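Input: a single structure, listed below in structure tokens.
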Amino acid sequence: MLILTCPHCGIQAEETELHNGGEAHLKRVGPDGSDEEFEGYMFARRNPRGVHLERWRHAYGCGKWFIAARCTVTLQVFGTYAAQTTTPPDHIVQAVRAARPDWNPTEEGASE
Amino acid sequence: MPDTARSGRYSVFAIAREALRQHKGWNRAWASPEPRDRYKVIVVGAGGHGLATAYYLGKNFGITDVAVLDKGWLGGGNTGRNTTIIRSNYLQDPSAAIYDKALKLYEGLSQDLNYNVMFSPRGLIMLAQTEHEVRGYKRTVYANNLQGVSTEWIDAQRLKELVPIINIDGPRYPVLGGLYQERGGTARHDAVAWGYARACSDMGMHIIQNCEVTGVETEGGQVRAVNTSKGRIGCEKLAMVVAGHSSQLAEMAGFRLPIESVALQALVSEPIKPCMDVVVMANTVHGYLSQSDKGEMVIGGGTDHFNNFTQRGSWHHVEETVRALVETFPMIGRLKMLRQWGGIVDMTGDRSPILSTTPVGGVFVNCGWGTGGFKAIPGSGWAMAELVAKGRPGPLAADFGLDRFREGRFIDESVAAGVAH
Amino acid sequence: MTHVPPFRLPRGGRLIDRSDQLGFRFDGRHLRGLRGDTLASALLANGQMMMGRSFKYHRPRGPVASGAEEPNALLGLGQGGRFEPNQRATTTALVPGMVTRSQNCWPSLDADIGAVNDWLSPLLPAGFYYKTFIHPRPFWKHVFEPVIRRSAGLGKAPTDPDPDLYEQAYGFADVVVVGGGIAGLQAARDAAAGGGSVTVLEQSPHWGGRTPIDHAGGQDAIDALLTDLRAMPGVTLRRNCMATGLYDHGYLIAREALADHDPNQGIPRQRLWRIRAGRVITATGALERPLSFACNDVPGVMLASAMRDFIDLHGVAPGQRIVVVTNNDDAYRTALIAADAGLDVAAIVDARPQATGDLPQAVRDRGIEVLTGSAIAKVKGRRHVEAVAICDQDGEGKITRTVECDAVAMSGGWSPVVHLYSHCGGKLTWDDAQALFRPDPDRPPLGADGQGIAQAVGAANGDLCCAGDLERPEGATMPVWVMPARAPHKLRAKMWLDYQNDVKVTDVELAAREGYASVEHTKRYTTLGMATDQGKLSNINGLAVLSGALDQPIPATGTTTFRPPYTPLTLATIAADARGEAFQPLRKTPMHGWHEAKGASWEPVGHWRRPYAYPQGAEDREAAVAREILAVRKGVGTLDASTLGKIVVKGPDAGRFMDMMYTNMMSTLKVGRCRYGLMCNENGFLMDDGVVARLSDDTWLCHTTTGGADRIHAHMEDWLQCEWWDWKVFTANLTEQYAQIAVAGPQARTLLERLNGSIDLSADALPFMAWAEGDLAGIPARIFRISFSGELSFEIAVPAARGLELWEKLHDAGADLGITPYGTEAMHVMRAEKGFIMIGDETDGTIIPQDLGLDWAISKKKADYIGKRAQRRLHMVDGTRWKLVGLQSLDGQVLPDGAYAATDQVNANGQRVTEGRVTSSYRSPTLDRPVAMGLVRHGPARMGQVLEFPMPSGAVMKARIVDPVFYDKEGSRLNG
Amino acid sequence: MAEHLARISPVTDLGMIALRGDLAAIADAAGMAAPDRTGIATDGPRSLAWMSPDEALLILPAPQTPEAVEALTLALDGQHALVADVSDARAVFDVIGPGAADVIAKLAPVDAAAMPQGHLRRTRMAQVATAIWRIEGGFRVIGFRSTGDYLGLILRNAAIAGSGLAPR
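Protein chains in written order, with my numbering: chain Z, 496 to 607; chain F, 617 to 1037; chain B, -6 to 969; chain V, 497 to 664.
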């Protein structure tokens, strides 16, 4: 049972109060995108064994979306932050690197 | 241990013979060889799908210069931790074709492998508990009829006769009828992996356990070798059949898959005397139930909704599943959960599998079976062997290519049943 | 002494109350026990050593343990809905009037037909079924499997629903200590001293664990700790509460027994705790291991600690003349306690070359014979112990002497209970000195912060001799995995590892020989550790035997995975309160009660119930639907449309946002007007539809389907929060604020005008697809001139609390107009007559609006909308897609819903090639003939062509492709 | 027989107004102090609750609601804000009694006993969304109208006499 702290209301919510929305920081491909770009946006997923930046909605709480940096193997949560950003904020990057020095958010976060 | 050991034929006479000599004469079921430095085909993943792929490569195409590598013990992934349900009454043509191929192969698999996989065609019912489900299942009956897949719609009374322990008058979701596939059922999951492994080994193939692939070596867009915890092993062709780790292996070969890995939850009860001869799936309330030959009630439900590689049981989906089944089968309330676990399944963009060529020459991928993997094993292996041997998909695999995501040509089974177990 | 053991001792028994006799039944016999007994101790006190039969060979079985690890003494307990199979006698408190039965035997425990399997056992080694029953093929299904299945299972299946109550509760604690023995209580005291909340969970009704039994002064030490703890703030001490599983992020599941087997209190029988623990201390103790000697499964052979428990706690003698067999000092305590109780201890058989510690000395001082370097070659007796044959441990089993006895206390050493520590990823380490696996403090289970979340203390940590301050030196344990060390096959074939599943040493050795060498392979091939005790007694011994067979050290073999729950957990406890009416929330509209009173036949839609139809008298559903439709077509009807979603979208950027959400151009909709809109997902597929009304310059009201309200609201918020967070748009889901009533039919306006409202309902003032606000019958209302039935129709939204009032006023005022409530099915049929699509009927998640001829609702002017890019992909535009048409059956029969049209071709997989399917099909009461819609390849270009629909019966139905609008194509009625 | 853990009583005389926008502006318009994050500020018969960073809920006597909606709409005119009467969309229960925290703790993944005064917790009770805060002698629970019967049922089930959470 995952327990994540909603950065909007500060509540330590458990999984049953939350709704997962998959990989974060996807860049939307609109009408101008090529077939390849659109396919990448819709389907190609990082699905890492390791640090995953993922969207969660505090569905049974304040209703706001946030992003969690979480390891999919140890389930360690490095931090959560509001969804209104295109890249993970510095404090999150630092928190992850404290445990995983090699972690590179831009490289890992990019969708090819 | 010689790497060419043969296991010997199994029969009741062999058992009687061995009983007289304290069972000392049995050979190893499969050899335990050291890897050679190259093979024509390397299959990564010694689960049901990987071993079946190797088996049909040998049986259908005469290709036996094959190594099957696994980072753990064979059959130790989803093959060994699923709820063993087998059925083929899928709605969409490509699904029905490959699952029905699998079912037909299951029907003769014990004889084919000379290993009793205990395929038990005890019948499978998918409950319809809303008008919407009734419509979906009736549609499936019409589709299956044209696909040559035997299945039928049964009414609530008939269903009650087949499953006396069910409560068809549930106050919340009365059972309105069901989609019944008499040929569906279960098999002993470990035995499927073991039977294929023994048959592959008997053909001279190498099954190499505890051998983790750490890299894929390519040259000019063509696969050359894999690097493993037991060294570099060369190959002409590489088949990736590693449900739950597909994304990682693809990344080693330099491409990305439309897959996310999530945990599917399952549990069994303590064993009780037989009380249910049919497999029942209740999709409205999210749960399914069968009774194993040992007497345990085998229960499955939903997947966790987040990316996960822990293979552990989690709590709240189990709770949802159990309350759904207690409501549907009130007599199970006082049974006890004996064990719960999770398996990591690949979920694709349309929840249907991928059997495909890849951007790397000589590399083929078989993944994305989601929650439907076990029932597909023989058909999947059959189609994958053809894909690997010929370098292009045959009719069974043709629609399951990676290109479908770019083209928007999805194979969506959730249409009929909510979930595609 | 005239008693034949087992029996109740004249003295002793710290838990029993000899003045309170309790009657109970076992296999029909009326027996008596004492308050404080477990079922097992009560049965033993009545001379009943044999309590069941093993799973495979049906061997006689008596209790081997005294706690949660017991594999043998499983009973069917209770009657009717309270019947419970496989109830563990050693942990079940005796309650007056209990009804119990032995299991897995027929016709009786003593005369069991299945015991023939025992004689056939040479033919039934591990995995025999994989090697046989292969030919002839049909025999497996029709002969072999039915026979195997009939022998499956232990206890009987219950038949009735459980009438008891169950509940859940959420707990929070900084520290949870699992285990109320001395180590746990000390750890709790230490933790509480640092402040914060500490919860201690003890599985049994008693504090102290083994300490009061095994240590002089133990009870005093426990009492002192309890006194301290009770005085500390923030400490919660909870008994009868089994921690069953530790899950991710420190989520601990525990089962508290409140009224087990005593349902008359009217309170929940069990409570499932879901505890968020900051840290977990496992003080779960250790389990004693059996020894593997021949016939170690004969009733009367039990763990030394169990025998000690029965004597000390319950005053029950498992035997009169006892042999203790051991590889450690601890078992000598059993000899001392037995001797103290006046029982005869015939000998101690100690596998170690010497035994010189305090305990052996104390035993020798009593004049009890200690045979070191010795082993049991074989237990004699079949249904109970008659004697043991003694041999040298370091030999092949040559019998040196025979000792008559009626009970054997065995101890193979102890294994820490590591389950909770392991459940969510904690790793174990092999302690070679003590021959046990214990928690590896360097690899604990991790919490959300990446730090270790669990810690083991006391015996659970492998500190076996340490009982707080009561530490007592003991001699070293000598690992003994097979007794005697070089036992031949004949003896090994009688050494039980897994008592319940009948797995023997030779089975594990066979598995290893055949290459099932991974510990998981061996477990699965032999079923070792897969019984209801989940290998609590057998795992380590099995591992050791496997390691021996593979000639590798035990840590190289590893362990199988420990899965929750620690002990089996009742399913009803998991379901808890969510049964019957509370199974799922039932959503009710404000008019729900009215529908129910009028005999509505319900249809579940999501968590809502909607009236499918209102059958009257003897009318069936079909007749009711037809009557309702004709009433609407000819007069006026009302539909409860309250379940439709109502989402307000407001803000300076709302128009722009609406244009992204819908395929239509919504920003140009005029205030006061409505527009039918389509909503797609990013994959291009149609996900919802509904009428949008523009309420003001910056405000739109979106109607969704019944199932869509929450989903669409979440969808909107997703895009607003995660993609366009700089857009100034607010949404509010007001679905439940309003009751909504559709008033449809040629008399609709007449009816509404009778209700004296402030709104001009004339066609000029309120034309089709307009809305107006005001009041109606004194209720504030918004009236939408929209129609899903094809008739003149008004949808009226009023505050939910006044919905029923309006509904009733409509029915009062319309009585003479024949006003008729209609349900969802009438609505479905009427819209099909009109060729209106229905989300969920014409769509199934794979349909794009273009498939349905809805191109008119897709704005060509907009640069973008959700789904637009997806709809340009090859398969969305390749011309092969099936498109919406009407279907007219040729023979006047209703086409079956869902039927497929087939060509005479066959595809490469041998499947008939299809070219369309029926999506909606009804007999139209209005037209008195069938109407249907379907999706057909190139359908709109094939008007007039005939399709063939093969039926499973072999018959073929034919239908002509026609226009999908069957009724009032000009729309004169709805525009009226 | 012992007493029920708490008395479960429906509350029907409350009005509620959902307010989205800048919270300071909303509080201004409502003439109330702005609530802290997850707080609920009470002033006489009215309470203003923090629902999310851009949403508040004004709870007031039902008869005052239409007027308050109008006043708030007027006061927030010209700002990016949304005012909606949601009084009829709600079902409200008071859980009063010595075991009130136990009742909450059986249904919501919330440390009910530790919940401070003036704090509003949005969460789930069994299978429905609720908001909970402390009132004199217990808790007030808001759920949705359509599932009001369900909410009442599970609250009553959780309050069975003799089923308190204290260790026994």
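Beta carbons: idealized from backbone N, C-alpha and C, even for Gly.
Keep in mind it's a predicted model, so treat the numbers as computed, not measured.
- [ ] Could you round the C-beta distance between Glu886/F and Asn79/B to whole angstroms and report it? I think they count as a contact, below 8 Å.
- [x] Along the second sequence, one-based indexing puts residue 886/F at 270. Along the third sequence, one-based indexing puts residue 79/B at 86. Contact check for Glu886/F and Asn79/B: beta-carbon distance about 5 Å, within the 8 Å limit, so the pair qualifies.
- [ ] Measure from the C-beta of Ala794/B to each C-beta in chain V and report whether the shortest distance is under 9 Å.
- [x] For this step, residue 794/B is matched to residue 801 along the third sequence. Yes - at least one Cβ of chain V is within 9 Å of the one on Ala794/B.
- [ ] For the alpha helix (DSSP H) holding His804/B, just list the boundary residues, first then last.
- [x] In the third sequence, counting from the first residue as 1, residue 804/B sits at position 811. Where His804/B is concerned, the enclosing alpha helix (DSSP H) stretches over Gly796 to Ala806.
Task: Helix, strand or coil at Arg967/F [DSSP, three-state] - done: On the second sequence, residue 967/F is found 351 positions in, with the first residue counted as 1. It is coil, neither helix nor strand.
Task: Rounded C-alpha distance that separates Arg592/Z from Trp598/Z - done: Position 97 of the first sequence, counted from the first residue, corresponds to residue 592/Z. Position 103 of the first sequence, counted from the first residue, corresponds to residue 598/Z. Answer to the nearest angstrom: the Cα atoms are 6 Å apart.
Open item on the list: As a quick exercise: from Met537/Z, Ile506/Z, Gly528/Z and Pro526/Z, pick the residue whose alpha carbon is nearest that of Glu876/F.
Closed with: Residue numbering aside, residue 876/F sits at position 260 when the second sequence is read from its first letter. Out of Met537/Z, Ile506/Z, Gly528/Z and Pro526/Z, Met537/Z has the C-alpha closest to the C-alpha of Glu876/F.
Task: Minimum length 3: unbroken beta strand (DSSP E) runs contained in the stretch 870 to 928 of chain B - done: Counting whole runs of 3 or more residues, the stretch 870 to 928 of chain B contains the beta strand (DSSP E) stretches 875 to 882, 893 to 899 and 905 to 917.
Open item on the list: Please tell me whether Tyr669/B and Ile779/B are closer than 9 Å, where the distance is taken between their beta carbons.
Closed with: One-based indexing of the third sequence puts residue 669/B at position 676. One-based indexing of the third sequence puts residue 779/B at position 786. In this structure, Ile779/B lies closer than 9 Å to Tyr669/B by Cβ.
Open item on the list: Rounding to the nearest angstrom, what Cα-Cα distance links Ala552/V and Ser782/B in this structure?
Closed with: In the fourth sequence, the residue the question calls residue 552/V occupies position 56. In the third sequence, the residue the question calls residue 782/B occupies position 789. So the alpha carbons of these two residues sit roughly 39 Å apart.
Open item on the list: What would DSSP say about Pro118/B, mapped onto helix, strand or coil?
Closed with: In the third sequence, the residue the question calls residue 118/B occupies position 125. It is coil, neither helix nor strand.
Open item on the list: Looking at Thr553/B: is its Cβ nearer than 9 Å to the Cβ of Lys529/B?
Closed with: For this step, residue 553/B is matched to residue 560 along the third sequence. For this step, residue 529/B is matched to residue 536 along the third sequence. No. Outside cutoff.
Open item on the list: Between Gln161/B and chain V, is the shortest Cβ-Cβ distance under 9 Å, so that the two count as touching?
Closed with: Position 168 of the third sequence, counted from the first residue, corresponds to residue 161/B. By this cut-off, Gln161/B is an interface position.
- [ ] Would you kindly work out how many angstroms separate the C-alpha atoms of Val475/B and Thr520/B, rounded to a whole number?
- [x] Counting from one through the third sequence, the residue named residue 475/B turns up at place 482. Counting from one through the third sequence, the residue named residue 520/B turns up at place 527. Their backbone Cα atoms lie some 19 Å apart in a straight line.
Task: Where Tyr722/F sits in the DSSP three-state scheme - done: Residue numbering aside, residue 722/F sits at position 106 when the second sequence is read from its first letter. Residue state, collapsed to three classes: helix.
Task: chain V contact residues for Gly556/Z, given Cβ-Cβ distances below 7 Å - done: Within the first sequence, residue 556/Z is the residue found at index 61, counting from 1. Per Cβ cutoff of 7 Å: Arg618 and Thr619.
TODO: Just the C-alpha distance for Ala250/B and Phe678/B, rounded to the nearest angstrom, thanks.
DONE: Here the question's residue 250/B lines up with position 257 in the third sequence. Here the question's residue 678/B lines up with position 685 in the third sequence. When rounded, the distance between both Cα atoms is 51 Å.
Task: Asp619/F, DSSP secondary structure in three states - done: The sequence position of residue 619/F within the second sequence is 3, counting from 1. The pLDDT assigned to Asp619/F is 44, lower than 50, so where the model puts this residue is not dependable; a value taken from the coordinates is nonetheless given after this. Three-state DSSP puts Asp619/F in coil, outside helix and strand.
Task: DSSP-derived helix/strand/coil call for Gln527/B - done: Within the third sequence, residue 527/B is the residue found at index 534, counting from 1. Coil.
TODO: Helix, strand or coil for Arg376/B, going by three-state DSSP, please let me know.
DONE: Your numbering for residue 376/B matches position 383 in the third sequence. It is coil, neither helix nor strand.
Task: Proximal residues to Ile1027/F (C-beta, below 8 Å), its chain only, five neighbours per side dropped - done: The residue given as residue 1027/F occupies position 411 in the second sequence. Counting only Cβ-Cβ distances below 8 Å, and skipping sequence neighbours, we find Gln708, Pro710, Ser711, Asp966, Ser968, Asp1015, Phe1016 and Arg1020.
Open item on the list: Any beta carbon of chain V sitting closer than 9 Å to that of Ile506/Z?
Closed with: Translated into positions along the first sequence, residue 506/Z becomes position 11. Yes, contact with chain V.
Open item on the list: Under 9 Å, Cβ to Cβ, is there at least one residue of chain Z near Gly202/B?
Closed with: Position 209 of the third sequence, counted from the start, is the residue given in the question as residue 202/B. No, Gly202/B does not count as interfacial toward chain Z.
TODO: Tell me, to the nearest whole angstrom, how far the beta carbon of Pro432/B is from that of Gly419/B; I am working on the premise that it is less than 8 Å.
DONE: Sequence index remark: in the third sequence, residue 432/B carries index 439 (1-based). Sequence index remark: in the third sequence, residue 419/B carries index 426 (1-based). The pair is a contact, with the Cβ atoms about 6 Å apart (cut-off 8 Å).
- [ ] Within 10 angstroms of the Cβ of Ser101/B, are there 16 or more other Cβ atoms? Answer buried if so, exposed if not.
- [x] Position 108 of the third sequence, counting from 1, holds the residue named residue 101/B. Exposed is the call here.
- [ ] Return the Cβ separation of Lys656/F and Asp681/F in integer angstroms, given the expectation that the two are a contact with Cβ distance under 8 Å.
- [x] On the second sequence, residue 656/F is found 40 positions in, with the first residue counted as 1. On the second sequence, residue 681/F is found 65 positions in, with the first residue counted as 1. With 8 Å as the limit, Lys656/F and Asp681/F qualify as a contact, their Cβ atoms being about 4 Å apart.
Task: Reference Asp155/B; option with closest CA among Pro261/B, Val170/B, Phe132/B and Phe137/B - done: For the purposes of this step, residue 155/B is taken as residue 162 along the third sequence, with counting starting at 1. For the residues Pro261/B, Val170/B, Phe132/B and Phe137/B, the minimum Cα distance to Asp155/B belongs to Pro261/B.
- [ ] On a CA-only basis, which of Ala585/V, Val582/V, Ala577/V and Ala608/V is nearest Val591/V? Give me that one, please.
- [x] By 1-based counting over the fourth sequence, the position of residue 591/V is 95. Looking at the Cα atoms, Ala608/V is the closest of the given residues.
Task: Within chain Z, the residues that Thr974/F reaches when beta carbons sit closer than 7 Å - done: Taking the first residue of the second sequence as position 1, residue 974/F is located at position 358. By Cβ distance, chain Z contributes nothing, its closest Cβ being about 13 Å from Thr974/F, past 7 Å.
Open item on the list: Ala324/B and Pro56/B - do their beta-carbons sit closer together than 9 Å?
Closed with: Along the third sequence, read from residue 1 onward, the residue named residue 56/B stands at position 63. Along the third sequence, read from residue 1 onward, the residue named residue 324/B stands at position 331. No, they are not a contact pair.
Open item on the list: Does any residue of chain C have a CB that is nearer than 9 Å to the CB of Glu534/Z?
Closed with: In the displayed structure, chain C is absent; the protein chains listed are Z, F, B and V.
Task: Backbone CA spacing between Gly586/B and Thr636/B [nearest angstrom] - done: For this step, residue 586/B is matched to residue 593 along the third sequence. For this step, residue 636/B is matched to residue 643 along the third sequence. Going by the C-alpha atoms only, they are around 15 Å apart.
Open item on the list: For the pair the stretch 202 to 212 of chain B and the stretch 291 to 305 of chain B, tell me if three or more CB-CB distances fall below 8 Å.
Closed with: yes
Task: Alpha-carbon to alpha-carbon, Gln956/F and Tyr240/B - done: Here residue 240/B corresponds to residue number 247 of the third sequence, with the count starting at 1. Here residue 956/F corresponds to residue number 340 of the second sequence, with the count starting at 1. Whole-angstrom Cα-Cα distance: 11 Å.
Task: Per-residue contacts from Pro597/B into chain V (C-beta, under 7 Å) - done: Residue mapping note: residue 597/B aligns to position 604 of the third sequence, counting from 1. The contacting residues do not exist; Pro597/B stays about 14 Å from chain V at best.
Task: Beta bridge counterpart(s) of Pro943/B as assigned by DSSP - done: Within the third sequence, numbered from 1, the residue matching residue 943/B stands at position 950. Partner(s): Val949/B.
Open item on the list: Judging by CA-CA distance, which residue of Val599/V, Val579/V and Phe640/V is the nearest neighbour of Val722/B?
Closed with: The residue labelled residue 722/B in the question sits at position 729 within the third sequence. The option with the nearest alpha carbon to Val722/B is Val579/V.
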